[in-house]
Structure formats: C-alpha cells, structure tokens
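Note sheet for the following structure.
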Amino acid sequence: DPDAATKMEPTNRRRILRALEVTIGSGRPFSSFGPGVDNYPPSAVTQVGLRWPRSVLSERIAERVRRMIDDGLVAEVDALRQRGLSRTAAQALGYKEILETLDGRIGQDEAIDMIITRTRQFAVRQERWFRRDPRVRWIDVEHDPVAEATSAVIDAFDA
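Read in order, the letters of the sequence shown correspond to residues 261 to 419 in the working numbering.
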C-alpha cells in the first residue's frame, strides 16, 4: 500500500506489521481505513466527544493518576510483572514508569510526573485524532460537566 507507506516511519515495525495484518485480513489497502476517509457508512450511532479546557483536563488527569497510585497501581504492576507481563503490556501508559520505579531506575515522584505528562500527551493525540472524524459531535464541557453533557447529548439525538 504505497499511500500507507508514505505516512509511516520505516523503522516503526509495529505499525508496519499492523498495516500488513489489516491489508491481508481485509483485502483492502491499510490507508483506506485511516484518517482522512470521508466516506463513512451511514450509522444510527451518535458519537459524542467531550472537550475540556486544557487546564481543566490537565488537572483532572493529574488527580486521576494520583488516585490510581493511591488505589494500588504499584502493587498491581508488581503482581503482573511477577506473572510474566508481556513486553507490549509493559510499555502501557503508567506501567512502564511504575516498572522503572520497581527496578530502582527512577523514584516514585518522578514516575508519577512522567505518567501525568504522558497521559496529557495521549489525551491531546486522542482529541486531535477524533477531531478529524466528521461523525463526532463535540460538546464543550467546563462548569457543570454532567448537566452540560447530558443536555448536549439529548440535543445531539434530537438533531
């Protein structure tokens, strides 16, 4: 698939393998599934995206990461490692940093900061990805997220 090949790094083995799997499995070029595809089949499903102000999203992510640590993320990762955590899973958001802490390469505070940073970066990439999808109806959520989201979702279904 020449179109897909021009859009991926030649050293990104995981992405290249995935492109081959999709192409062989579907019989369609990998690029036909990617961003920029405008011909989505009609669907009765309404997709809703919640857009938070960046500062609010950042704080919510930081609170969530700290809560995950308080709720036992370190013990969870250690238990999974003892059972043979795969290399792919060991690269998951949060797991990688906690494994580095358990191995003594970084301190827990540094791991928490890294998890918060990587999660924020991931959230930005997700929003950028979904922003290109014309099927997503975006709701700006700031002051009262539950009330605003509920009202906007109802409006989206009535549209």
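Here a beta-carbon is modelled for each residue, glycine too, at the ideal position from N, C-alpha and C.
Everything numeric in this text was worked out from a predicted model, so none of it was measured.
Asked: DSSP three-state assignment for I372, whether helix, strand or coil; Found: helix
Asked: Local Cβ density within 10 Å of V308, reported as buried at 16 or more and exposed below that; Found: exposed
Asked: C-alpha distance - F290 paired with T266, whole-angstrom precision; Found: 12 Å
Asked: Buried or exposed (CB count within 10 angstroms, at least 16 for buried), V297; Found: Note that V297 scores a pLDDT of 48, beneath 50, so its modelled location is shaky; the value from the coordinates is reported in the next line. It counts as exposed.
Asked: DSSP-derived helix/strand/coil call for R273; Found: helix
Asked: Coil, strand or helix - W389 by DSSP; Found: helix
Asked: Proximal residues to M268 (C-beta, below 6 Å), its chain only, five neighbours per side dropped; Found: R275
Asked: Beta-carbon contacts of E402 that lie in its chain and below 8 Å, excluding the five residues immediately before and after; Found: W312, P313, V316, E408
Asked: C-alpha distance - I284 paired with L277, whole-angstrom precision; Found: 11 Å
Asked: Residue closest to A304, alpha-carbon to alpha-carbon, out of R343, G287, R395; Found: R395
Asked: For A371, the nearest candidate out of I329, S318, R273, E323 (CA to CA); Found: I329
Asked: Residue closest to L362, alpha-carbon to alpha-carbon, out of L353, R397, A352, V337; Found: V337
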